[in-house]
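Line by line, the protein sequences are chains A and B.
Residue numbers for the first sequence follow the numbering used here, beginning at 143 and rising by one.
Residue numbers for the second sequence follow the numbering used here, beginning at 143 and rising by one.
Built from N, CA and C at the ideal position, the CB exists for glycine as well.
Down below is the structure, laid out as structure tokens.
There are 2 protein chains.
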Amino acid sequence: MQNLNTYFFTLFKWIVLLLLTGIAAGTLSALFLESLNWVTDYREAHKWLIYLLPLGGLIIGLAYHYKGVSVVRGNNLVFDTVHNPKDVIPFRMVPLVLAGTLVTHLFGGSAGREGTALQMSAAAADQLHKPFKLTSEERTILLKAGLSAGFASVFGTPLAGAIFGIEVLLINKFPYKAVVPAVIAAYLAAYVTGLWGVGHTHYHIDVVPKVSFMGLGSSTLAGVLFGIAAILFVRTTEQVSGLAKKIKYPPLRPVVGGILILVLVLLLDTHKYIGLGIPVILDAFTVPAAPQDFMIKILLTAITLGMGFKGGEVTPLFFIGAVLGSALAAVLPLPVGLLAGMGFVAVFAGAAKTPLACMVMGAELFGISGCLYITVACIVAYFISGKHSIYNAPENKAPGHFLFNFKLNK
Amino acid sequence: MQNLNTYFFTLFKWIVLLLLTGIAAGTLSALFLESLNWVTDYREAHKWLIYLLPLGGLIIGLAYHYKGVSVVRGNNLVFDTVHNPKDVIPFRMVPLVLAGTLVTHLFGGSAGREGTALQMSAAAADQLHKPFKLTSEERTILLKAGLSAGFASVFGTPLAGAIFGIEVLLINKFPYKAVVPAVIAAYLAAYVTGLWGVGHTHYHIDVVPKVSFMGLGSSTLAGVLFGIAAILFVRTTEQVSGLAKKIKYPPLRPVVGGILILVLVLLLDTHKYIGLGIPVILDAFTVPAAPQDFMIKILLTAITLGMGFKGGEVTPLFFIGAVLGSALAAVLPLPVGLLAGMGFVAVFAGAAKTPLACMVMGAELFGISGCLYITVACIVAYFISGKHSIYNAPENKAPGHFLFNFKLNK
């Protein structure tokens with residue numbers, strides 16, 4: 143009960159923190175972009191302003207020399223604060239960098255805008271750390287969120303912004319050495335498969351509605367259910383594997399599994415749940431599936447794999463997600479194709495603990511247009527499914543976190 | 143000289159390793175997908191096969207019990223091997239998991255295919271580690287490339303495959319806690335900026351040619367040049383900052399900078415290189431830019447920022463990359479819009495050390511269709527630019543690697 147209170151308190155605190163950060167960053171970026179447009183138009187209409195550039199330089203130089211020594215390091219101060227949280231980033235960073243950038247552009251310096259947006263939103267976010275009594279770890283996370291928000295709002299590319307805020311600080315921690323070989327091998331292998339004349343199933347999402355709070359709320363709810371489906375899949379497969387071990391002679395296990403599946407298939411009187419089930423997945427994109435479909439598929443797959451048959455978990459996870467999403471079209475205000483596509487990748491994201499790969503897979507399979515919905519579904523499913531993973535090698539154990547609870551799992 | 147030989151030897155070794163891995167994975171996936179289709183069609187034409195599922199189970203059970211105990215852990219064995227490289231993954235994993243999966247699908251088990259593809263390509267890749275005398279680190283990287291290649295070829299989603307092969311092993315090492323706050327803050331901030339009625343520039347890539355070796359070779363070459371442009375930008379800005387420090391009274395630095403820029407603008411007799419330069423960026427997508435444009439922009443931006451004016455580096459980096467890419471259309475067989483888009487994000491990827499964010503930004507700004515070209519350009523630029531970074535806070539220092547040289551920097 144205490145834990146539950148702490149959990150809801152933490153969740154509520156983070157909702158407020160992120161609302162404040164997002165609104166501050168979005169508003170500062172809007173103000174900045176508008177004034178930057180104005181300043182740029184004004185300069186282009188008054189070409190002689192370039193002659194005053196040295197004077198503009200003097201204004202900036204004096205301002206930072208007498209009022210801004212503490213914030214002159216700009217982005218690097220923000221990055222150092224993330225790595226080694228010390229003093230609050232002074233709020234004066236915001237007006238100084240805003241005014242400095244506008245003066246630079248008014249008189250014709252050659253500069254950009256992302257540094258300004260990053261500094262404004264990170265500095266704004268960091269003001270929250272004392273009033274909200276954030277721990278160092280929480281503060282670090284909020285600063286990354288602030289960087290992401292600044293980048294996202296100044297360029298209008300939210301997903302790239304989110305990744306930027308994390309990646310720019312990952313230097314030396316991300317296995318970049320593996321990236322080039324992985325990308326080369328991946329593209330080459332996919333190319334070679336194509337050379338052999340083997341194609342892949344094409345899925346199609348027809349309609350992607352405009353982003354709305356209703357739509358995002360629905361995605362979040364769907365993501366919760368996709369995460370629960372991932373848990374059910376992992377747990378059921380583990381249960382079956384555990385029961386299978388009671389059969390002492392291993393070769394008999396898949397025999398018993400085969401009999402169980404046979405009986406279930408005869409009882410259900412349909413072959414739609416066996417094999418890969420691609421036709422059922424395709425149907426799910428156009429016609430709402432039955433609500434029990436995903437559970438039957440979980441059961442049959444858990445018996446198949448848990449009892450020692452071979453094959454992957456992923457296409458069944460696509461099936462489970464697509465039919466669950468498709469069935470949700472009856473109750474959620476989103477198109478059936480989009481919900482099926484969200485489930486397709488999100489249940490997999492939860493069960494394999496690979497939300498980034500699944501977000502990218504969504505873009506590769508269904509196009510970039512539904513990417514916000516897919517991102518929300520994947521990330522929510524990832525967190526809701528917690529430590530449950532289909533890849534349970536000892537060294538690959540997923541962390542046991544659940545949403546943002548920093549303390550519960552310590 | 144010795145170093146250069148080692149470097150070319152390592153590069154050549156990796157080209158061969160990745161060619162072998164990609165071809166093996168792609169071919170195994172093609173073989174697997176084709177036989178899986180055949181088996182699935184056959185089962186659907188002969189519904190009675192489900193009655194033999196227990197017999198199929200027995201065959202698989204006996205095969206793994208008498209011949210496959212060493213590989214029965216499947217994916218988990220692969221993951222454990224990446225985390226703790228020990229014995230070579232037995233090659234028998236390949237025929238066993240292939241045959242086991244086909245038998246499972248022939249008789250109507252409910253299973254997937256990605257596990258099979260992952261095991262086949264990782265096991266195939268691991269056979270190379272002894273003949274090529276790989277170090278543990280190199281072996282780990284090759285195994286990740288093998289996982290990526292398997293995933294990419296079985297689903298036809300190469301970028302997701304590459305990310306999957308890395309992400310699935312990143313458990314506990316990736317700051318996932320920051321992902322949700324970053325994504326929420328990013329989308330919220332971008333949404334709020336939109337609410338204020340502020341829009342973003344739209345860029346458009348008209349034509350994306352079909353993937354070819356010529357096209358990818360051109361992307362690689364362009365990526366090298368984008369990486370060099372990133373180095374030039376970082377070095378020139380550092381040089382200017384260094385010179386600026388010789389002016390002892392800081393407020394005078396931007397004054398001198400302003401005079402320099404003014405003189406250059408008067409000499410060049412154009413205002414196109416000052417400010418954000420959005421119109422020039424837009425033009426670069428349709429008309430090839432002049433080859434000197436990128437250098438002039440580097441010089442003017444380096445003076446602007448190095449001398450203490452304010453603003454970001456990123457829009458100038460977009461400018462530099464877009465005009466450089468655009469100018470390359472005169473010599474490389476790729477459309478001008480695509481080259482401009484590649485440069486737009488790739489120079490930034492190199493200078494900010496954020497290839498993933500830039501790849502995603504490319505998809506968000508230009509659509510997913512050019513993503514392979516953009517990925518190649520970003521990654522090559524990232525590696526070519528080595529340790530040079532616009533964010534040079536001490537804790538954020540980029541690693542000094544250059545392509546795959548595992549030993550040179552030790």
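Grouping DSSP H, G and I as helix and E and B as strand, with all else coil, what is residue i?
| i | result |
| --- | --- |
| residue 504(B) | helix |
| residue 210(B) | coil |
| residue 542(A) | Low per-residue confidence applies at residue 542(A): pLDDT is 46, beneath 50, and the placement is therefore not dependable, though the value from the model is reported in the following sentence. Coil at residue 542(A), not helix or strand. |
| residue 449(B) | coil |
| residue 217(A) | helix |
| residue 184(B) | helix |
| residue 413(B) | coil |
| residue 551(A) | Note on residue 551(A): pLDDT 36, under 50, position unreliable in the model; the coordinate value appears next. Coil. |
| residue 418(B) | coil |
| residue 151(A) | helix |
| residue 269(A) | coil |
| residue 527(B) | coil |
| residue 439(A) | helix |
| residue 165(B) | helix |
| residue 223(B) | helix |
| residue 281(B) | helix |
| residue 533(A) | coil |
| residue 253(A) | coil |
Thinking C-alpha only, which one of the options is nearest residue i?
| i | options | result |
| --- | --- | --- |
| residue 525(A) | 343(B), 319(B), 212(B) and 396(B) | 319(B) |
| residue 303(B) | 341(B), 418(B) and 263(B) | 263(B) |
| residue 238(B) | 202(B), 165(B) and 266(B) | 202(B) |
| residue 160(A) | 413(A), 367(A), 392(A) and 288(A) | 288(A) |
| residue 451(A) | 271(B), 148(B), 455(B) and 195(B) | 195(B) |
| residue 446(A) | 152(B), 184(B) and 199(B) | 199(B) |
| residue 175(A) | 413(A), 379(A), 146(A) and 244(A) | 244(A) |
| residue 280(A) | 513(A), 531(A) and 153(A) | 153(A) |
| residue 283(A) | 163(A), 370(A) and 365(A) | 163(A) |
| residue 177(A) | 296(A), 211(A) and 219(A) | 296(A) |
| residue 489(B) | 272(B), 509(B) and 439(B) | 439(B) |
Between the alpha carbons of residue i and residue j, how many angstroms are there, rounded?
| i | j | result |
| --- | --- | --- |
| residue 323(B) | residue 520(A) | 14 Å |
| residue 286(A) | residue 484(A) | 26 Å |
| residue 500(B) | residue 491(B) | 6 Å |
| residue 216(A) | residue 269(A) | 16 Å |
| residue 325(B) | residue 430(A) | 29 Å |
| residue 171(B) | residue 328(A) | 12 Å |
| residue 155(A) | residue 356(A) | 22 Å |
| residue 466(B) | residue 396(B) | 28 Å |
| residue 403(A) | residue 464(B) | 58 Å |
| residue 359(B) | residue 517(B) | 13 Å |
| residue 291(B) | residue 167(B) | 6 Å |
| residue 495(A) | residue 379(A) | 16 Å |
| residue 150(A) | residue 389(A) | 44 Å |
| residue 132(A) | residue 254(B) | Nothing about residue 132(A) can be reported from this structure: the residues present for chain A run from 143 to 552 only. |
| residue 549(B) | residue 453(A) | With a pLDDT of only 36 at residue 549(B), under 50, the local geometry of the prediction cannot be trusted, and the value read off the model is given with reservation. Taking the straight line from one Cα to the other gives about 39 Å. |
| residue 311(B) | residue 333(B) | 33 Å |
| residue 219(B) | residue 211(B) | 11 Å |
Sorted by chain position, which residues of the same chain lie with C-beta nearer than 6 Å to residue i's C-beta, five sequence neighbours on each side aside?
| i | result |
| --- | --- |
| residue 503(A) | 487 |
| residue 443(B) | 458 |
| residue 478(B) | 430, 468 and 471 |
| residue 418(B) | 457 |
Given residue i, which residues of its chain have a CB within under 7 Å of its CB, disregarding the five upstream and five downstream residues?
| i | result |
| --- | --- |
| residue 278(B) | 227 |
| residue 552(B) | For residue 552(B), the predicted structure reports a pLDDT of 31, less than 50, and the residue's modelled location is therefore unreliable. The matter cannot be settled from this model. |
| residue 233(A) | 265 and 269 |
| residue 433(B) | 469 |
| residue 376(A) | 493, 530, 531 and 532 |
Tell me which residues share the same chain as residue i and place their Cβ nearer than 8 Å to its Cβ, disregarding the 5 neighbours each side in the sequence.
| i | result |
| --- | --- |
| residue 293(B) | 256, 259, 260, 299, 302, 303, 306 and 307 |
| residue 424(B) | 343 and 345 |
Does the Cβ of residue i lie closer than 6 Å to at least one heavy atom of the ligand ATP?
| i | result |
| --- | --- |
| residue 300(A) | The ligand ATP is not part of the structure shown, which contains no ligands of any sort. |
For the region 290-303 of chain A, enumerate the residues whose C-beta is nearer than 9 Å to any C-beta of chain B, in chain order.
Cβ contacts with chain B: 290, 291, 292, 293, 294, 295, 296, 297, 298, 299, 300, 301, 302 and 303.
Can you give me, in chain order, the residues of the region 208-224 of chain A that have a beta carbon less than 7 Å from any beta carbon in chain B?
If the cut-off is 7 Å between Cβ atoms, the region 208-224 of chain A has 217, 218, 221 and 222 near chain B.
Contacting positions in the region 450-466 of chain B - beta carbon closer than 9 Å to chain A
Flagged, chain order: 450, 451, 452, 453, 454, 455, 456, 457, 458, 459, 460 and 461.
For the region 504-528 of chain B, which residues have a beta carbon sitting closer than 7 Å to at least one beta carbon of chain A?
Against chain A - using a Cβ distance shorter than 7 Å - the residues of the region 504-528 of chain B are 505, 506, 507, 509, 510, 514, 517, 521 and 525.
Residues in the region 399-426 of chain A with C-beta within 7 Å of chain B's C-beta atoms, listed in sequence order?
The residues in question are 399, 400, 401, 403, 404, 407, 413, 415, 416, 417 and 418.
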